[in-house]
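**Student:**
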Amino acid sequence: MIRLFHLSNERGQRKRIELFSEDDGWNSRGNIPLRIVVLVPALGRKGRGPPAHQAAPRSSLKDPNLNSCLKDTFQHMFPALASGIPEINVERFEPLYLPKLGLAKGHGPVTISGSFYNILAHGPSNATATFASIDMKNGVFGLGAYLPDIRIEADYDLQGKVLILPLVGNGPARVHLKNVTTSMSSKFELPRLQGRQIIHIIDMKVDFDIQGMTVHFENLFNGNRILGRTMNTFMNKHALEIVNELKQPLEESFSSVFREIMNDALKHMPIDIWLLGD
1 MIRLFHLSNE RGQRKRIELF SEDDGWNSRG NIPLRIVVLV PALGRKGRGP PAHQAAPRSS
61 LKDPNLNSCL KDTFQHMFPA LASGIPEINV ERFEPLYLPK LGLAKGHGPV TISGSFYNIL
121 AHGPSNATAT FASIDMKNGV FGLGAYLPDI RIEADYDLQG KVLILPLVGN GPARVHLKNV
181 TTSMSSKFEL PRLQGRQIIH IIDMKVDFDI QGMTVHFENL FNGNRILGRT MNTFMNKHAL
241 EIVNELKQPL EESFSSVFRE IMNDALKHMP IDIWLLGD
């Protein structure tokens with residue numbers, strides 16, 4: 001079933017939004033983790049979105065500057081969705097919630113296994129789009145972003161070795177990332193739902209670079225404060241070296257998590273809503 005929403009902008013103009021509902025037989029957890037403001041290009045402040053003059057542009061496949069238009073679309077999206085769009089069941093993007101991020105690396109200077117849980121990331125809505133591209137014929141989509149500041153709160157359960165020191169513990173963790181650049185490339189297919197095409201990502205690769213990081217893990221070594229303080233100090237001193245060692249497993253985990261997030265969103269959005277004509 002397709003549900004219709006009528007939202008108003010600042011001048012009282014109504015905009016019809018067509019979204020696939022969760023009754024269409026697709027598995028959904030009841031929300032849309034990824035928020036794409038291009039669905040509501042005429043939405044104003046009364047509709048909990050950006051003013052009409054700041055709304056994201058719709059891109060056309062016939063536009064020779066398609067990739068530039070897509071970049072602008074995503075640039076408008078990031079800050080606009082911090083408070084969410086409850087009218088279409090889009091929860092707030094800030095902070096971004098991730099239920100779990102696993103880590104596994106069994107060789108090298110840093111060996112680690114375990115997971116972060118109940119992750120809250122503050123700062124994604126301040127991202128700047130650096131590039132965007134789409135190739136409908138070959139089913140390839142790419143997106144890049146720069147995030148100046150990300151503050152993360154999570155629970156952790158980890159064990160392993162960090163350079164010369166053992167690591168074991170579980171409990172609350174705080175991570176502060178500075179100057180993060182990331183790029184995503186994906187392969188997609190175009191299934192039809194209720195007669196209309198949607199994008200479904202079948203493979204994704206995420207790459208990132210971090211210029212600064214500080215961490216604080218509570219309850220390391222069963223709550224031993226001296227060992228815990230020593231380990232936190234050591235990890236902060238060697239933070240970028242540790243991140244570089246964990247880059248591959250982190251990128252693999254991010255790829256899996258964000259592929260699910262994007263598919264959970266895109267299945268609600270027929271292509272003809274946000275990408276015009278072919």
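With UniProt numbering as the guide, the letters of the sequence shown map in order to residues 1 to 278. Where a beta carbon is used, it is the ideal one built from N, C-alpha and C, also for glycine. All values derive from a computational prediction rather than experimental measurement.
Would you identify the three-state DSSP class for N224, choosing helix, strand or coil?
**Tutor:** Position 224 of the sequence shown, counted from the first residue, corresponds to residue 224. Coil, per DSSP.
**Student:** I need the boundaries of the alpha helix (DSSP H) containing A265, first residue and last residue.
**Tutor:** Here residue 265 refers to the residue found at position 265 when the sequence shown is read from its first residue. Residues K247 to L266.
**Student:** Within the same chain, show all residues whose beta-carbon is closer than 7 Å to that of N27, passing over the 5 residues directly before and after it, in chain order.
**Tutor:** The count along the sequence shown starts at 1 and reaches residue 27 at position 27. In this predicted model, N27 has a pLDDT of only 36, less than 50, meaning its place in the structure is not dependable enough to derive any value.
**Student:** Is the separation between the beta-carbon of S133 and that of G123 shorter than 7 Å?
**Tutor:** As a first step, residue 133 is located in the sequence shown; it is residue number 133 there, counting from the start. As a first step, residue 123 is located in the sequence shown; it is residue number 123 there, counting from the start. Not in contact: S133 and G123 (Cβ atoms no closer than 7 Å).
**Student:** Under the three-state reduction of DSSP, which class applies to K205: helix, strand or coil?
**Tutor:** Here the question's residue 205 lines up with position 205 in the sequence shown. In this structure, K205 counts as strand in the three-state DSSP scheme.
**Student:** What does the alpha-carbon distance come out to for the pair P270 and V257?
**Tutor:** Working through the sequence shown from its first residue, we reach residue 270 at position 270. Working through the sequence shown from its first residue, we reach residue 257 at position 257. Approximately 22 Å, taken between the alpha carbons.
**Student:** If you scan the segment 69–129 from start to end, which runs of the beta strand (DSSP E) of 3 or more residues do you find wholly inside it?
**Tutor:** For the segment 69–129, whole beta strand (DSSP E) runs of length 3 or above, ordered along the chain, are 96–105 and 110–122.
**Student:** Taking 6 Å as the limit between beta carbons, can you name the residues of its chain near F254, skipping five residues before and five after?
**Tutor:** On the sequence shown, position 254 is the one that residue 254 refers to. Once the five neighbours on either side are set aside, the close Cβ partners of F254 are V206.
**Student:** Check whether the segment 163–175 touches the segment 225–234, counting contact only when three or more Cβ pairs, one atom from each stretch, lie closer than 8 Å.
**Tutor:** Yes: at least three Cβ pairs fall under 8 Å.
**Student:** Just verifying my parser: in three-state terms, what is the DSSP assignment at N170?
**Tutor:** Counted from its first residue, the sequence shown places residue 170 at position 170. Three-state DSSP puts N170 in a strand.
**Student:** Could you tell me which of M235, H268 and Q197 sits nearest to G212, measuring between CA atoms?
**Tutor:** Residue 212 sits at position 212 when you count from the first residue of the sequence shown. The residue with the shortest Cα to Cα distance from G212 is M235.
**Student:** Please check the pair E245 and P109, which I expect to be a contact at CB under 8 Å, by giving their CB distance rounded to whole angstroms.
**Tutor:** Translated into positions along the sequence shown, residue 245 becomes position 245. Translated into positions along the sequence shown, residue 109 becomes position 109. The Cβ separation is near 6 Å, so the contact holds.
**Student:** Rounded to the nearest angstrom, what separates R225 and I273 at their Cα positions?
**Tutor:** For the purposes of this step, residue 225 is taken as residue 225 along the sequence shown, with counting starting at 1. For the purposes of this step, residue 273 is taken as residue 273 along the sequence shown, with counting starting at 1. Cα to Cα, the separation comes out at about 55 Å.
**Student:** Closer than 7 Å by C-beta to D157: which residues in its own chain qualify, once you throw out the five before and the five after it? Chain order, please.
**Tutor:** Residue numbering aside, residue 157 sits at position 157 when the sequence shown is read from its first letter. Hits under 7 Å: G114, S115 and N170.
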